[in-house]
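Asks: Residue numbers (full-length UniProt numbering), protein chains in the order written: chain A, 1 to 340; chain B, 1 to 641. Ideal Cβ positions, reconstructed from N, Cα and C, are used throughout, including at glycine. Please read through the structure below; I'll follow up with questions.
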Amino acid sequence: MDPVISVRDLWKVFGPNASQLVASDELKALSRQELMDRTGSVAAVRGVDFDVAPGEMFVVMGLSGSGKSTLVRCLTRLVEPTAGTIMFEGENILEADPKRLRDLRRNKFSMVFQHFGLLPHRTVADNVGYGLEIRGVPRAKRAERSQEVIDLVGLSGNEKSYPDQLSGGMQQRVGLARALAGDPDVLFFDEPFSALDPLIRRDMQSEVIRLHREVGKTMVFITHDLSEALKLGDRILIMRDGKVVQVGTGDELVGAPADDYVRDFVRDVPKSHVLTLKWIMRPPRPDDDLDGPELSPETVVREAVRSVLGADKPVKVVRDGELLGVVADEEILGVVAGEA
Amino acid sequence: MVAVAAPRQLPRKPLIFAGIVLAWLVLWLVFRNVGTLALGAADLTPLHRWVNDVNDAVGASRNSNPVFLYFFNEIRLVIDEFVTFIQALIAQPSFGRPVPVIGWLGVVAIAGFVSLAVAGWRVALLAVAGFVFLGLQGLWQESMDTLSLTLAAVVISLLIGIPLGIWAGLSDRAHRILTPVLDFMQTMPTFVYLAPLTLFFLIGPASATIATLIYAAPPAIRITAHAIRTVPRTTVEASESLGATQKQTLVKVLLPSARKTIVLGINQTIMAALSMVTIAALIDAPGLGKTVVKALQTLDVGTAFNAGLAIVVLAIVLDRVTTAAASERRTLPRWALFGGLGVTGVCVYLSYTYLWAAEFQSDVEIGSAIRKGATAVTEWAQDSLPVITDGFKDFVTIVLINPLQALLAESPWFLVALVIVALSFMIGGVRPAIVSAVCIAALIATGLWQDSMITLASTLVATILVMLLGIVVGVWMGRSRRADRFIRPILDAAQVMPAFVYLVPFLALFSASRFTAIIAAVVFAAPVAIKIIADGIRAVSPATVEASTALGSSSWQTIVKVQLPMARGALTLAANQGLIYVLSMVVVGGLVGAGALGYDVVAGFSQGQLYGKGLAAGVAIVVLGVMLDRLTQAAAKRWTN
Numbered sequence: 001m002d003p004v005i006s007v008r009d010l011w012k013v014f015g016p017n018a019s020q021l022v023a024s025d026e027l028k029a030l031s032r033q034e035l036m037d038r039t040g041s042v043a044a045v046r047g048v049d050f051d052v053a054p055g056e057m058f059v060v061m062g063l064s065g066s067g068k069s070t071l072v073r074c075l076t077r078l079v080e081p082t083a084g085t086i087m088f089e090g091e092n093i094l095e096a097d098p099k100r101l102r103d104l105r106r107n108k109f110s111m112v113f114q115h116f117g118l119l120p121h122r123t124v125a126d127n128v129g130y131g132l133e134i135r136g137v138p139r140a141k142r143a144e145r146s147q148e149v150i151d152l153v154g155l156s157g158n159e160k161s162y163p164d165q166l167s168g169g170m171q172q173r174v175g176l177a178r179a180l181a182g183d184p185d186v187l188f189f190d191e192p193f194s195a196l197d198p199l200i201r202r203d204m205q206s207e208v209i210r211l212h213r214e215v216g217k218t219m220v221f222i223t224h225d226l227s228e229a230l231k232l233g234d235r236i237l238i239m240r241d242g243k244v245v246q247v248g249t250g251d252e253l254v255g256a257p258a259d260d261y262v263r264d265f266v267r268d269v270p271k272s273h274v275l276t277l278k279w280i281m282r283p284p285r286p287d288d289d290l291d292g293p294e295l296s297p298e299t300v301v302r303e304a305v306r307s308v309l310g311a312d313k314p315v316k317v318v319r320d321g322e323l324l325g326v327v328a329d330e331e332i333l334g335v336v337a338g339e340a
Numbered sequence: 001m002v003a004v005a006a007p008r009q010l011p012r013k014p015l016i017f018a019g020i021v022l023a024w025l026v027l028w029l030v031f032r033n034v035g036t037l038a039l040g041a042a043d044l045t046p047l048h049r050w051v052n053d054v055n056d057a058v059g060a061s062r063n064s065n066p067v068f069l070y071f072f073n074e075i076r077l078v079i080d081e082f083v084t085f086i087q088a089l090i091a092q093p094s095f096g097r098p099v100p101v102i103g104w105l106g107v108v109a110i111a112g113f114v115s116l117a118v119a120g121w122r123v124a125l126l127a128v129a130g131f132v133f134l135g136l137q138g139l140w141q142e143s144m145d146t147l148s149l150t151l152a153a154v155v156i157s158l159l160i161g162i163p164l165g166i167w168a169g170l171s172d173r174a175h176r177i178l179t180p181v182l183d184f185m186q187t188m189p190t191f192v193y194l195a196p197l198t199l200f201f202l203i204g205p206a207s208a209t210i211a212t213l214i215y216a217a218p219p220a221i222r223i224t225a226h227a228i229r230t231v232p233r234t235t236v237e238a239s240e241s242l243g244a245t246q247k248q249t250l251v252k253v254l255l256p257s258a259r260k261t262i263v264l265g266i267n268q269t270i271m272a273a274l275s276m277v278t279i280a281a282l283i284d285a286p287g288l289g290k291t292v293v294k295a296l297q298t299l300d301v302g303t304a305f306n307a308g309l310a311i312v313v314l315a316i317v318l319d320r321v322t323t324a325a326a327s328e329r330r331t332l333p334r335w336a337l338f339g340g341l342g343v344t345g346v347c348v349y350l351s352y353t354y355l356w357a358a359e360f361q362s363d364v365e366i367g368s369a370i371r372k373g374a375t376a377v378t379e380w381a382q383d384s385l386p387v388i389t390d391g392f393k394d395f396v397t398i399v400l401i402n403p404l405q406a407l408l409a410e411s412p413w414f415l416v417a418l419v420i421v422a423l424s425f426m427i428g429g430v431r432p433a434i435v436s437a438v439c440i441a442a443l444i445a446t447g448l449w450q451d452s453m454i455t456l457a458s459t460l461v462a463t464i465l466v467m468l469l470g471i472v473v474g475v476w477m478g479r480s481r482r483a484d485r486f487i488r489p490i491l492d493a494a495q496v497m498p499a500f501v502y503l504v505p506f507l508a509l510f511s512a513s514r515f516t517a518i519i520a521a522v523v524f525a526a527p528v529a530i531k532i533i534a535d536g537i538r539a540v541s542p543a544t545v546e547a548s549t550a551l552g553s554s555s556w557q558t559i560v561k562v563q564l565p566m567a568r569g570a571l572t573l574a575a576n577q578g579l580i581y582v583l584s585m586v587v588v589g590g591l592v593g594a595g596a597l598g599y600d601v602v603a604g605f606s607q608g609q610l611y612g613k614g615l616a617a618g619v620a621i622v623v624l625g626v627m628l629d630r631l632t633q634a635a636a637k638r639w640t641n
């Protein structure tokens with residue numbers, strides 16, 4: 001399937017003469033600090049490539065200053081990229097004129113912000129309907145659609161409240177509803193739950209997973225929280241100093257970290273929750289009994305513990321009838337004990 | 001200022017500082033009364049005469065010179081028309097009628113209804129009571145004249161200020177251009193532009209309105225820009241991310257989000273306009289200010305107090321209405337809206353048709369009672385309080401004012417100049433020293449060197465008193481929430497009062513003297529300084545204070561070793577603002593015997609042959625202001641880094 005979003009060699013440099021900087025291969029090769037020292041410019045995003053598939057939940061993860069928020073703003077041109085291409089449904093949005101860009105923003109993508117960005121002088125319903133209002137949707141239709149998404153995000157009964165009368169979690173539901181109201185193809189989330197307390201955050205994460213299942217939209221989700229990334233992401237892009245370090249599924253990051261930075265990052269992740277059998281299986285040895293139970297290579301270790309420890313023979317890892325390897329007590333205990 | 005300027009970090013500086021002062025004292029003894037550049041009260045310099053000639057020439061060509069014919073006169077006419085129109089509505093007999101179009105009943109009803117709509121019924125009640133009280137004081141027409149001028153100035157200020165504010169809020173470049181201009185307009189003592197304005201627009205309502213405009217528009221511009229700028233970045237981004245055009249974002253996001261703050265700006269503009277309109281009485285603006293000025297000139301404390309009270313009442317009503325309008329969302333129920341409109345309409349009609357509703361007449365003459373009461377209290381105070389008040393007055397006069405004035409005004413000019421430049425260099429380095437030297441040269445050029453030094457002495461004394469008061473009360477407020485809650489409203493009220501009003505009670509207590517003017521300036525400037533210091537003390541990190549307490553510091557040690565040093569930025573800012581506020585009261589002080597520059601300005605307004613001298617005195621005050629402002633800012637920079 002063709003990707004919805006395809007980013008190639010994307011650069012964002014803040015500072016004087018930014019466009020000349022990215023034209024120079026010599027300067028592009030410098031590290032962030034060297035570039036800062038030599039030119040006084042800050043390269044927030046440096047040569048980023050990635051694709052997002054339709055319906056995918058794509059997570060960009062990085063610590064503060066890694067350039068992730070700038071990256072997501074580049075995707076909607078809230079921040080103007082310095083160089084590169086961003087193909088959105090086959091159209092390079094860097095070439096869109098202001099009018100086309102507004103059309104895209106009105107119809108194709110929308111964004112949820114860390115600090116909500118609600119309008120304090122409008123009720124919940126009017127906040128949710130704001131995007132429709134600026135498109136020129138008539139009042140009655142606006143009210144109808146707003147009500148739909150308000151119900152969808154679980155805000156029913158709060159339509160007439162003002163944002164300052166709601167808790168943080170509820171306010172972010174308003175932000176979510178506002179983003180959904182225009183029925184966009186892609187939703188961008190800029191650390192939407194970082195400002196919320198842990199319990200509410202967990203609720204909201206489940207809410208996003210539910211919505212992703214129900215509305216099936218493509219989502220690009222920015223976070224600094226690895227467990228959030230692992231929980232939500234179909235695939236995760238790890239950023240450091242403006243560069244992509246690794247792109248992959250959660251178990252790929254944990255099972256095969258691209259470098260020490262990622263390894264260090266995922267060290268404390270409970271591996272049994274993330275790794276699947278394919279990461280821990282070993283080739284069968286001559287002395288193995290091969291008539292034990294069978295499991296799929298995509299089974300998460302945690303769910304395989306009981307079967308493997310319960311069986312007196314090694315468990316066979318099988319895909320489409322083909323024996324890929326075996327997992328015995330030793331491998332399972334290696335993962336579970338390694339977490340302690 | 002001098003007290004603040006002594007830098008703490010470099011241990012040798014106090015010695016040099018003491019050395020300079022000592023040398024000054026010794027040389028003062030030697031050169032006393034030599035080269036003081038004194039100028040008699042009626043004496044003029046060639047510069048003053050030249051300004052008089054220019055004034056005459058401008059007066060003669062007012063109706064022939066095209067610049068006047070097609071520019072200044074046009075502006076004057078338009079503004080005059082506007083003011084006259086509002087006056088015709090509510091204040092002055094008009095359209096061949098013996099009374100204004102809308103009589104007192106109509107005005108009271110409109111005031112009540114507008115207050116009800118924007119501020120709720122409590123404030124509406126206050127507004128109605130306040131306006132009726134103005135009538136009972138026997139000052140209805142004067143009050144309406146003041147209100148007319150204020151309204152005219154406010155409307156024009158907002159018409160200019162809000163669009164400019166929006167522009168400065170949206171564009172960084174506009175913000176960069178406007179900020180220094182606004183700084184200058186606001187730091188310049190208000191009455192200083194009164195004289196030049198009369199040159200172009202004659203005395204009367206037009207000049208008064210323009211002067212008020214210059215004073216009242218900056219807060220509207222500044223606060224509007226600030227309101228737009230402080231709308232959270234995310235909110236604007238959210239709107240953009242949904243595909244809003246710039247205009248949509250402005251109209252639907254920025255302006256509504258900024259509304260409350262903008263209304264606060266309108267409040268500031270109204271209060272500034274009201275206080276300036278009363279001062280504009282000096283250039284013949286009609287209204288309550290004129291009553292106060294006349295009464296002050298004849299030392300009629302009763303009448304001055306009555307009119308001063310009316311100004312305060314007007315100020316309180318306008319302040320409460322606009323403050324309440326900024327604080328809450330409010331929608332009037334439909335029945336109240338239409339009912340209120342109906343009642344107001346009937347009242348306006350009655351006041352248009354019947355004399356009893358048009359002209360305020362009452363058997364209850366509160367005004368004369370207030371006048372008599374105030375006069376009686378004054379006489380009593382003058383008879384019985386001098387034991388205390390005179391003691392205080394003499395103490396400050398002998399210990400502070402006289403020595404400082406003698407030192408500054410009786411030293412030869414070159415000695416003072418040398419000392420000031422040396423101190424400037426010590427405080428801030430080369431640039432402040434150059435600024436001071438240029439300012440000194442300008443003061444000498446105005447021909448009013450000695451008067452400037454006398455004014456400088458009074459200003460310094462007043463600022464020292466302001467800082468003493470500010471530190472004591474400010475530290476108290478900064479450390480105690482309860483004190484803050486209790487004192488802050490009083491300070492707010494004091495800031496709302498027009499400058500003139502302060503003079504009245506002090507005039508009664510201390511009679512016309514330099515001291516009275518100084519005390520009035522202190523009362524005027526202290527609230528700002530106290531608030532700045534209190535906020536500075538409060539802003540000191542609680543963790544640091546806690547750490548100091550945990551180490552066993554006494555309260556006194558915590559104040560002196562932790563809170564005051566850490567709040568030194570606030571202290572220098574307070575000194576800076578205190579100076580500017582004190583300086584802006586110099587002319588008002590001139591009305592009650594401050595003499596020197598203040599008197600020169602006041603005399604310049606009233607006597608044609610002193611016009612040039614008055615203008616020069618105005619310039620001298622600005623020059624003093626610039627010099628002191630730069631010096632304190634340099635001190636602040638040096639001290640906080």
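Give me, in chain order, the residues of the same chain whose beta-carbon lies closer than 6 angstroms to that of residue 188 (chain A); leave out the 5 immediate sequence neighbours on both sides.
Replies: Here residue 188 (chain A) refers to the residue found at position 188 when the first sequence is read from its first residue. Here the set comprises 72, 111, 220.
Asks: Mapping the DSSP letters down to three states, classify residue 178 (chain B) as helix, strand or coil.
Replies: Counting from 1 along the second sequence, the entry for residue 178 (chain B) is found at position 178. Residue 178 (chain B): helix per DSSP, three-state reduction.
Asks: Pair every Cβ in the stretch 195 to 205 of chain B with every Cβ in the stretch 287 to 302 of chain B, then say whether three or more of these pairs are closer than 8 angstroms.
Replies: Contact fails: fewer than three Cβ-Cβ distances are below 8 angstroms.
Asks: Between residue 412 (chain B) and the rest of its own chain, which residues show a CB-CB distance below 6 angstroms, the 5 nearest in sequence each way excluded?
Replies: Residue mapping note: residue 412 (chain B) aligns to position 412 of the second sequence, counting from 1. Hits under 6 angstroms: 31, 34, 35.
Asks: Note down the Cα distance separating residue 587 (chain B) from residue 597 (chain B), rounded to an integer number of angstroms.
Replies: Locating residue 587 (chain B) in the second sequence gives position 587, counting from the first residue. Locating residue 597 (chain B) in the second sequence gives position 597, counting from the first residue. Roughly 7 angstroms between the two C-alpha positions.
Asks: For the stretch 358 to 373 of chain B, list every residue whose C-beta sits within 7 angstroms of some C-beta in chain A, in sequence order.
Replies: Within the stretch 358 to 373 of chain B, no residue qualifies.
Asks: Using a Cβ cut-off of 8 angstroms, pull out every chain B residue sitting near residue 105 (chain A), in sequence order please.
Replies: Counted from its first residue, the first sequence places residue 105 (chain A) at position 105. Under the 8 angstroms cutoff, chain B gives 240, 241, 242, 243.
Asks: So residue 113 (chain A) contacts chain B; which residues on that side make the cut at Cβ distance below 9 angstroms?
Replies: In the first sequence, residue 113 (chain A) corresponds to position 113, counting from 1. Simply 234, 235, 237, 238, 241.
Asks: Count Cβ pairs between the stretch 313 to 323 of chain A and the stretch 289 to 303 of chain A that sit closer than 8 angstroms; are there 3 or more?
Replies: Segments in contact, yes.
Asks: Is there a C-beta anywhere in chain B that falls below 8 angstroms from the one on residue 189 (chain A)?
Replies: As a working note, residue 189 (chain A) is residue 189 in the first sequence. Not an interface residue.
Asks: For residue 186 (chain A) versus residue 5 (chain A), is the C-beta distance shorter than 8 angstroms?
Replies: Counted from its first residue, the first sequence places residue 186 (chain A) at position 186. Counted from its first residue, the first sequence places residue 5 (chain A) at position 5. Yes, Cβ-Cβ distance for residue 186 (chain A) and residue 5 (chain A) is below 8 angstroms.
Asks: Quick check: the stretch 99 to 116 of chain A against the stretch 158 to 176 of chain A, are at least 3 beta-carbon pairs closer than 8 angstroms?
Replies: The stretch 158 to 176 of chain A, when compared against the stretch 99 to 116 of chain A, does touch it at the 8 angstroms Cβ threshold.
Asks: So, using beta-carbon positions, are residue 599 (chain B) and residue 55 (chain B) closer together than 8 angstroms?
Replies: The residue labelled residue 599 (chain B) in the question sits at position 599 within the second sequence. The residue labelled residue 55 (chain B) in the question sits at position 55 within the second sequence. No. Outside cutoff.
Asks: Using a Cβ cut-off of 8 angstroms, which residues of the stretch 244 to 255 of chain B contact any Cβ in chain A, in chain order?
Replies: Here the close residues are 244, 245, 248, 252, 253.
Asks: Going along chain A in order, which residues have a C-beta closer than 7 angstroms to the C-beta of residue 257 (chain B)?
Replies: For this step, residue 257 (chain B) is matched to residue 257 along the second sequence. The answer, in chain order, is 119, 120, 121.
Asks: Please determine if the stretch 612 to 624 of chain B and the stretch 538 to 557 of chain B are in contact, where contact requires at least 3 C-beta pairs separated by less than 8 angstroms.
Replies: In short, these stretches do not touch, since the Cβ pair count stays below three.
Asks: Which residues in chain B sit within 8 angstroms of residue 76 (chain A), going by Cβ to Cβ distance?
Replies: Position 76 of the first sequence, counting from 1, holds the residue named residue 76 (chain A). Chain B residues near residue 76 (chain A): 241.
Asks: Touch check for the stretch 73 to 92 of chain B and the stretch 142 to 157 of chain B: three-plus C-beta pairs under 8 angstroms?
Replies: Judged by Cβ distances under 8 angstroms, the stretch 73 to 92 of chain B makes contact with the stretch 142 to 157 of chain B, as three or more pairs qualify.
Asks: Quick one: measure Cβ to Cβ for residue 310 (chain B) and residue 137 (chain B), integer angstroms, because I've assumed they're closer than 8 angstroms.
Replies: On the second sequence, position 310 is the one that residue 310 (chain B) refers to. On the second sequence, position 137 is the one that residue 137 (chain B) refers to. Right, their Cβ atoms sit about 6 angstroms apart.
Asks: Using a Cβ distance threshold of 8 angstroms, determine whether the stretch 153 to 173 of chain B contacts the stretch 224 to 241 of chain B, with at least three qualifying pairs required.
Replies: The answer is yes - the stretch 224 to 241 of chain B touches the stretch 153 to 173 of chain B, with three or more Cβ pairs under 8 angstroms.
Asks: Between which two residues does the alpha helix (DSSP H) harbouring residue 183 (chain A) extend?
Replies: Here residue 183 (chain A) refers to the residue found at position 183 of the first sequence. No alpha helix (DSSP H) contains residue 183 (chain A), which DSSP labels as neither H nor E.
Asks: Mind listing, in chain order, the continuous alpha helix (DSSP H) runs of no fewer than 4 residues lying wholly within the stretch 72 to 117 of chain B?
Replies: Runs of the alpha helix (DSSP H) inside the stretch 72 to 117 of chain B: 73 to 90.
Asks: Leaving out five residues on either side along the sequence, give the residues of the same chain with a beta carbon under 7 angstroms from the beta carbon of residue 102 (chain B).
Replies: Stepping through the second sequence from its first residue, residue 102 (chain B) is reached at position 102. Same-chain partners within the cutoff: 89, 90, 348, 351, 352.
Asks: Looking only at C-alpha atoms, which of A:253, A:86, A:267 sits nearest to residue 9 (chain A)?
Replies: For this step, residue 9 (chain A) is matched to residue 9 along the first sequence. Among A:253, A:86, A:267, the Cα nearest to that of residue 9 (chain A) is on A:86.
Asks: For residue 179 (chain A), collect the residues of the same chain with a Cβ closer than 6 angstroms to its Cβ; drop the 5 residues on either side in sequence, then sort them by chain order.
Replies: Within the first sequence, residue 179 (chain A) is the residue found at index 179, counting from 1. Result list for residue 179 (chain A): 110, 112, 187, in chain order.
Asks: DSSP three-state call for residue 294 (chain A): helix, strand or coil?
Replies: Along the first sequence, read from residue 1 onward, the residue named residue 294 (chain A) stands at position 294. Here residue 294 (chain A) sits in strand by DSSP.
Asks: Quick check: the Cα distance between residue 125 (chain B) and residue 606 (chain B), rounded to an integer number of angstroms?
Replies: Taking the first residue of the second sequence as position 1, residue 125 (chain B) is located at position 125. Taking the first residue of the second sequence as position 1, residue 606 (chain B) is located at position 606. Each residue's Cα considered, the two are about 41 angstroms apart.
Asks: So within the stretch 270 to 308 of chain B, which uninterrupted alpha helix (DSSP H) runs reach at least 4 residues, ignoring any that extend past its ends?
Replies: Here the runs fully enclosed are 288 to 297.
Asks: Quick check on residue 313 (chain A): does DSSP put it in helix, strand or coil?
Replies: Taking the first residue of the first sequence as position 1, residue 313 (chain A) is located at position 313. Of the three classes helix, strand and coil, the one that applies to residue 313 (chain A) here is coil, per DSSP.
Asks: In its own chain, which residues sit with a C-beta less than 6 angstroms from the C-beta of residue 51 (chain A), not counting the 5 before and 5 after it?
Replies: Locating residue 51 (chain A) in the first sequence gives position 51, counting from the first residue. These residues qualify, in order along the chain: 3, 6.
Asks: Whether or not the stretch 336 to 348 of chain B and the stretch 105 to 115 of chain B are in contact is what I'm after, with contact meaning three or more pairs of Cβ atoms, one per stretch, closer than 8 angstroms; do they touch?
Replies: The stretch 105 to 115 of chain B vs the stretch 336 to 348 of chain B: in contact.
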